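Peer 1: I have a structure I would like to understand better, so I am pasting it below and will then ask my questions one at a time.
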Amino acid sequence: MTAKTNKSGKASKSAAPALVDPVREANEPTSLVARFGPERPLVMDCGVTLERWQIAFQTYGTLNADRSNAVLVCHALTGDQHVANTNPVTGKPGWWEVLIGPGCPIDTDRYFVICSNVIGGCLGSTGPASLDQATGKAYGLNFPLVTIRDMVRAQSMLIDYLGIASLFAVIGGSMGGMQVLQWASSFPDRVFAAVPLATAARHSAQNIAFHEVGRQAVMADPDWQGGRYLDGARRPSKGLSVARMGAHITYLSEAALHRKFGRNLQDREARTFTFDADFQVESYLRYQGISFVERFDANCYLYLTRAMDYFDLAADHDGVLAKAFAGSKTRFCVASFTSDWLFPTADSRAIVHALNASGASVSFVELESDKGHDAFLLDEPQLFATLRGFIGAAARARGLA
Amino acid sequence: MSDVRIDLSLIADMVEPGSKVLDVGCGDGALLALLASRRHVDARGIELSREGVAGCVARGLSVIQGDADTDLGDYPDDAFDYVILSQTIQATRAPRRVLENMLRIGRRAIVSFPNFGHWSIRAQLAFKGRMPVTSNLPETWHDTPNIHFCTIRDFVELCDTLGAVTERAVALNAAGSDIGVKAPWWFWNLFGQQAVFLLRRTALASAPDAGPL
């Protein structure tokens, strides 16, 4: 077990920082990394035990003397550990810098924030893009299927490694919210406050269906090569790009698309009577697809979508969701967004009903937004006010000044 | 505590310290905050308005956005020591079902409501022939969220129908003072501007009846 210090990409002579190679990043991440050997194996739900594995993470702020101010942030499907620093692969700001930082609702002047790349991911935690030491090649489809619970189990071992007995808060949206729920269920004594946002206790049939379309798009690309593409130079970029385009639509809303693009044409006066990207919305989606494949591994996309599909917290508890939270002392704050049709408010209400039935302390609010599922990542003042209040009250209850 | 609304203060006094309380229609959380600070209760709330919930959560209260008419059914039996409905029953679509659910999920229910039998309301209807607008109920008939007004006697009858036992009942006059236990129901119904009832489900054998029924 070794922790590597953070070597962020150095700025070259031009203003833009030098970006790192995503393939290299899967094994040698530009972040902290905890490496585990056979003495601390990762036992996975599928029955496989990973004897050598690693988890890449970032931290912000300072752990207090009591080790009581740690906040774990769980990322969504295509997120990573770079939650509040410039992303070394894309050069873009951290994915939740609006929420996390000095003076922000999750104030890094007060809290010690940890964010790790999920197991099965491609930015430095062991996953399909990582090197399989048994073969000297990338795992590809030889990597065992990952579940949300596996991700959380790995995170709990990271928290052990950091010497933290109990987390002040665990927070995340979408797939990150699933991890939050799993944390609260698997390790109730280690979670003081839980904030699952825009998420569900189980993935819906419609969402599994969307994921399956994305996976089929990847696998239909001849460059996917049965998942062995990392052995050569070609990448299933077309397939992964289409998968991302489809998924991206589900993260928005009809109203948001209309507001942003309407039927406006892209850099042209009239329709071209071709299949060019005549409409702005087409051009936007193509861009989303192309920029995604530059930063994300196709096999990882298959694995992580599968992990979400398999998530059904009630199924692990005789089909009764309330049993997943029985006797919980954790304080919950659940939030959904009016225009989110991927994880609609009904999904959040199901969580709230289960928490009520188990007697847990829970706050819930449906926030007004036309930005769809992505709203949880955006600058939403109502969300921030709610989180500020909830986290502040939880901090007082925890004895954090 | 002198600036605390008299009816909220009265409700707080009915609640055992350290108990578990659900306030249905908790608004901005004033009562929950009072209960938490004065009676050290485990305070939970349900509120319909998004702004109300956001305000409550920002005060550190455990409040969920929900509807008394549809969401109480999801709570298990005996989940709370007290379920409170403060100045809200007249705004529910199905007051009887709401009260039934309150008596099911709480060991006790506390209901406060404006008395539509108050003399000033009767007078407006009798002499002006207009729907009453008072300082207590300032909205006109087409603006008001209050769709199921009742008088104290109406409420007592509903409690009887449901087999609920009144452990305590208080009527407050327009000045906010307690009208007094000795007064007969007709007097309460005429001079009580609002009423607060502490109820529990089904009669026990030889249960003492605190009201002047």
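The listed protein sequences correspond, in order, to chains A and B.
Position in the first sequence (from 1) plus 6 gives the number in the numbering used here.
Position in the second sequence (from 1) plus 24 gives the number in the numbering used here.
Built from N, CA and C at the ideal position, the CB exists for glycine as well.
Just so it is clear, the structure is predicted and the values come from calculations on it, not from any experiment.
#1: Assign P99/A to one of three DSSP states: helix, strand, or coil.
#2: Entirely within the stretch 99–178 of chain B and at least 3 residues each: give me those beta strand (DSSP E) ranges in chain order.
#3: On the criterion of 16 or more Cβ atoms from any shown chain inside 10 Å, does Y293/A qualify as buried, or is it exposed?
#4: Is the beta carbon of A262/A sitting closer than 7 Å to the one on G378/A?
#5: Does the distance from the CB of Q87/A to the CB of C121/A come in under 7 Å?
#6: Tell me, please, whether the CB atom of V371/A is closer than 7 Å to any CB atom in chain B?
#7: Between the Cα of I154/A and those of D51/A, A223/A and F281/A, spot the shortest distance and give me the residue it belongs to.
#8: Which same chain residues, not among the five before or five after Y257/A, have their C-beta less than 8 Å away from its C-beta?
#9: Leaving out five residues before and five after V299/A in sequence, what residues of the same chain have Cβ atoms less than 6 Å from its Cβ?
#10: Please report the Cβ distance between L196/B and Q217/B, rounded to the nearest whole angstrom; I am assuming they are in contact, meaning their Cβ atoms lie under 8 Å.
#11: Thinking C-beta only, is A40/A closer than 7 Å to D303/A?
#12: Answer yes or no: do A342/A and S354/A have a C-beta to C-beta separation smaller than 7 Å?
#13: Kindly indicate the opening and closing residues of the beta strand (DSSP E) around C80/A.
#14: Please list the partners that T392/A has in chain B, where partner means a Cβ-to-Cβ separation under 9 Å.
#15: Can you list the residues of chain B that F396/A reaches, using a CB-CB cut of under 7 Å?
#16: Compute the distance between the beta-carbons of F173/B and Q89/B, then report whether it is under 7 Å.
#17: What residues of chain B sit near A399/A, judged by a beta carbon separation below 7 Å?
#18: When Cβ atoms are compared, which residues of the stretch 202–221 of chain B fall closer than 8 Å to chain A?
#19: Closest by CA to A160/A, which one among V224/A, I125/A and A171/A?
#20: Find the nearest neighbour of R269/A within the set H254/A, E260/A, A206/A and Q286/A, judged by alpha-carbon distance.
#21: Using a Cβ-Cβ cut-off of 7 Å, state whether P100/B counts as contacting chain A.
#22: Straight-line CA distance for A360/A to A328/A?
#23: By Cβ distance below 6 Å, which residues in the same chain neighbour T8/A in space, the five residues on each side in sequence not counted?
#24: What distance in whole Å lies between the Cβ atoms of T65/A and L38/A, which are believed to be in contact at a cut-off of 8 Å?
#25: How far does the alpha helix (DSSP H) with G220/A in it reach, from first residue to last?
#26: Rounding to the nearest angstrom, what Cα-Cα distance links G325/A and L214/B in this structure?
#27: Mind listing, in chain order, the continuous alpha helix (DSSP H) runs of no fewer than 4 residues lying wholly within the stretch 22–68 of chain A?
#28: Would you kindly report the start and end of the unbroken alpha helix (DSSP H) that includes L72/B?
#29: Mind pulling the chain B residues with CB within less than 9 Å of E374/A?
#30: Are the stretch 123–130 of chain B and the stretch 84–102 of chain B in contact at 8 Å, needing three or more beta carbon pairs?
#31: Kindly list the residues whose CB is nearer than 6 Å to the CB of G79/B, restricted to its own chain and excluding five residues on each side of it in sequence; keep chain order.
#32: Would you kindly work out how many angstroms separate the C-alpha atoms of D31/B and N139/B, rounded to a whole number?
#33: For E75/B, count neighbouring Cβ atoms within 10 angstroms of its own Cβ and tell me buried if that reaches 16, exposed if not.
#34: Is there a Cβ of chain B sitting closer than 7 Å to that of N362/A, yes or no?
#35: At a Cβ cut of 7 Å, what residues of the stretch 103–125 of chain B count as close to chain A, listed as they run along the chain?
#36: Please state the DSSP three-state secondary structure of P111/A.
Peer 2: So, from the data block:
#1: Coil.
#2: Those beta strand (DSSP E) runs which fall completely within the stretch 99–178 of chain B and span 3+ residues are 104–110 and 130–138.
#3: exposed
#4: yes
#5: yes
#6: yes
#7: D51/A
#8: L348, G378, H379 and D380
#9: Excluding sequence neighbours, V299/A sits near S243, L246 and S247.
#10: For L196/B against Q217/B, the beta-carbon gap comes to about 6 Å, under 8 Å, which counts as contact.
#11: no
#12: Here residue 342/A is Ser; the residue named in the question, Ala, does not match the sequence. Against a cut-off of 7 Å, the Cβ pair of S354/A and S342/A comes out as a contact.
#13: A76 to C80
#14: V77, A78, V81 and A82
#15: Neighbours of F396/A on chain B, chain order: V81.
#16: no
#17: G84
#18: none
#19: I125/A
#20: Q286/A
#21: yes
#22: 4 Å
#23: Legend: pLDDT at T8/A = 40, less than 50; position of this residue unreliable, value from coordinates given subsequently. R41, listed in sequence order.
#24: 7 Å
#25: A211 to A226
#26: If you take the alpha carbons of G325/A and L214/B, they lie about 54 Å apart.
#27: 28–31
#28: From DSSP, L72/B is part of no alpha helix (DSSP H); its letter is neither H nor E.
#29: R74
#30: yes
#31: D52
#32: 13 Å
#33: E75/B should be labelled exposed.
#34: yes
#35: Per Cβ criterion, the list reads A103.
#36: coil
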